[in-house]
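Undergrad: Below is one structure. I have some questions about it.
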Amino acid sequence: MNVNIFDGSRRIAYLAGGLATAGTLIFAATYDPYISVDYSIARPRGSFQRMKGACPSEAARHYFTTTSSYGKQVSIDLCLFTMPFGKNNDQLVPYKIDEKNMVWGAGSYSSEVSAYERELESRFVLPAEDSKWLEKEISHRYWDNWKESLKNLGIGLAIFAGFVWVVGWITRGFMGIPQGMDKKPSNET
625 MNVNIFDGSR
635 RIAYLAGGLA
645 TAGTLIFAAT
655 YDPYISVDYS
665 IARPRGSFQR
675 MKGACPSEAA
685 RHYFTTTSSY
695 GKQVSIDLCL
705 FTMPFGKNND
715 QLVPYKIDEK
725 NMVWGAGSYS
735 SEVSAYEREL
745 ESRFVLPAED
755 SKWLEKEISH
765 RYWDNWKESL
775 KNLGIGLAIF
785 AGFVWVVGWI
795 TRGFMGIPQG
805 MDKKPSNET
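Quick note on this note's numbering: the sequence shown kicks off at 625 and runs consecutively.
Listed below in structure tokens is the structure:
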């Protein structure tokens with residue numbers, strides 16, 4: 625049996641390129657963009673407002689996941705603004721307004737605020753205009769991922785093909801085999 629290492633090497637290179645292509649296509653097709661949106665609430669009976677800037681450092685934060693009207697998972701970063709309470713103007717999270725319209729506040733990690741955060745999470749509904757924006761953003765990120773994946777695949781395959789060619793060129797040089805041939809030409813005339 626005559627073994628042709630160049631033919632075997634080409635087959636291995638084709639297999640590696642095919643596996644890289646299949647892996648890239650599977651990754652790109654199953655990619656699920658991660659979207660996080662910042663909302664804030666200033667008082668217990670207030671409404672949720674989408675934030676443009678960062679949550680202030682003294683505010684409490686609560687993270688949870690909800691589903692858009694299109695069925696996509698969205699991460700919500702809820703900023704609970706604090707307000708001054710008491711003689712010392714301690715910054716506390718307002719969590720309740722009682723029947724006398726008195727506002728109650730507590731520290732960010734208190735059990736009252738934790739219960740308030742769960743209540744806010746249960747009543748949160750993604751606004752329709754934000755849901756439409758999120759759907760466009762998810763689609764945009766999904767296609768950007770496809771473009772980036774295919775670009776990286778093309779670059780990777782080109783580098784790999786160049787590497788295979790250089791290794792073949794060097795090996796043929798050491799073995800005295802002309803370019804484009806798999807074995808030395810016979811000296812028989």
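Where a beta carbon is used, it is the ideal one built from N, C-alpha and C, also for glycine.
Could you check the C-alpha separation between Y663 and N769 for me, to the nearest Å?
TA: One-based indexing of the sequence shown puts residue 663 at position 39. One-based indexing of the sequence shown puts residue 769 at position 145. Using only the alpha carbons, I get a separation of about 26 Å.
Undergrad: Going along the chain, which residues of its own chain have a beta-carbon closer than 8 Å to the beta-carbon of K720, five neighbours each way excluded?
TA: Mapped onto the sequence shown, residue 720 falls at position 96. Answer for K720: P668, V727, W728, E736 and Y740, listed in chain order.
Undergrad: By the DSSP assignment, the beta strand (DSSP E) with V790 in it spans what residues?
TA: As a first step, residue 790 must be located in the sequence shown, where it is residue number 166. Unbroken run through V790 is the alpha helix (DSSP H), A752 to M799; no beta strand (DSSP E).
Undergrad: Does DSSP classify V684 as helix, strand or coil?
TA: For the purposes of this step, residue 684 is taken as the residue at position 60 of the sequence shown. Per the sequence shown, residue 684 should be read as Ala rather than Val. DSSP places A684 in strand when its eight states are reduced to three.
Undergrad: Helix, strand or coil for R674? Go by DSSP, reduced to three states.
TA: In the sequence shown, the residue the question calls residue 674 occupies position 50. R674: strand per DSSP, three-state reduction.
Undergrad: Quickly, what does DSSP pair D714 with across the bridge? List them, please.
TA: Sequence index remark: in the sequence shown, residue 714 carries index 90 (1-based). According to DSSP, which records beta bridges pairwise, D714 is partnered with F709.
Undergrad: Quickly, what does DSSP pair L702 with across the bridge? List them, please.
TA: Here residue 702 refers to the residue found at position 78 when the sequence shown is read from its first residue. DSSP output for L702 lists Y663 and H686 as bridge partner(s).
Undergrad: In the DSSP output, what is T691 paired with across the bridge?
TA: By 1-based counting over the sequence shown, the position of residue 691 is 67. Looking at the DSSP assignment, T691 forms a beta bridge with Q697.
Undergrad: On the DSSP letters alone, give me the boundaries of the alpha helix (DSSP H) that G608 sits inside.
TA: It is not possible to answer for residue 608, since the shown part of the chain is limited to 625 through 813.
Undergrad: Our contact map puts Y717 next to L758 with C-beta atoms below 8 Å; I'd like the distance itself, whole angstroms only.
TA: Taking the sequence shown and counting its residues from 1, the one referred to as residue 717 is at position 93. Taking the sequence shown and counting its residues from 1, the one referred to as residue 758 is at position 134. Note that residue 717 is Val in the sequence shown here, rather than Tyr. V717 to L758, Cβ: 27 Å. No contact.
Undergrad: With L704 and I665 assumed to form a contact (beta carbons below 8 Å), what rounded beta-carbon distance in angstroms separates them?
TA: As a first step, residue 704 must be located in the sequence shown, where it is residue number 80. As a first step, residue 665 must be located in the sequence shown, where it is residue number 41. Confirmed, Cβ separation roughly 6 Å.
Undergrad: Given a cut-off of 7 Å, decide if F688 and E761 are closer than it, judged by their beta-carbon atoms.
TA: Working through the sequence shown from its first residue, we reach residue 761 at position 137. Working through the sequence shown from its first residue, we reach residue 688 at position 64. Not closer than 7 Å, so no.
Undergrad: Output the boundary residues of the alpha helix (DSSP H) element that contains V737.
TA: The residue given as residue 737 occupies position 113 in the sequence shown. That run of the alpha helix (DSSP H) goes S735 to R747.
Undergrad: Restricting to Cα atoms, I'd like to know which of G647, V790, C679 and T795 is closest to S773.
TA: As a first step, residue 773 must be located in the sequence shown, where it is residue number 149. Among G647, V790, C679 and T795, the Cα nearest to that of S773 belongs to G647.
Undergrad: Quick one: grab the DSSP three-state call for G729.
TA: For the purposes of this step, residue 729 is identified with residue 105 of the sequence shown, where counting begins at 1. G729: strand per DSSP, three-state reduction.
Undergrad: Rounded to the nearest angstrom, what separates D631 and W789 at their Cα positions?
TA: Taking the first residue of the sequence shown as position 1, residue 631 is located at position 7. Taking the first residue of the sequence shown as position 1, residue 789 is located at position 165. When rounded, the distance between both Cα atoms is 13 Å.
Undergrad: Report the partner residues of K720 according to the DSSP bridge assignment.
TA: Within the sequence shown, residue 720 is the residue found at index 96, counting from 1. W728.
Undergrad: Give the single residue among M675, S671, P708 and R674 whose Cα lies nearest to the Cα of E682.
TA: For the purposes of this step, residue 682 is identified with residue 58 of the sequence shown, where counting begins at 1. Of the listed residues, the one whose Cα sits closest to E682 is P708.
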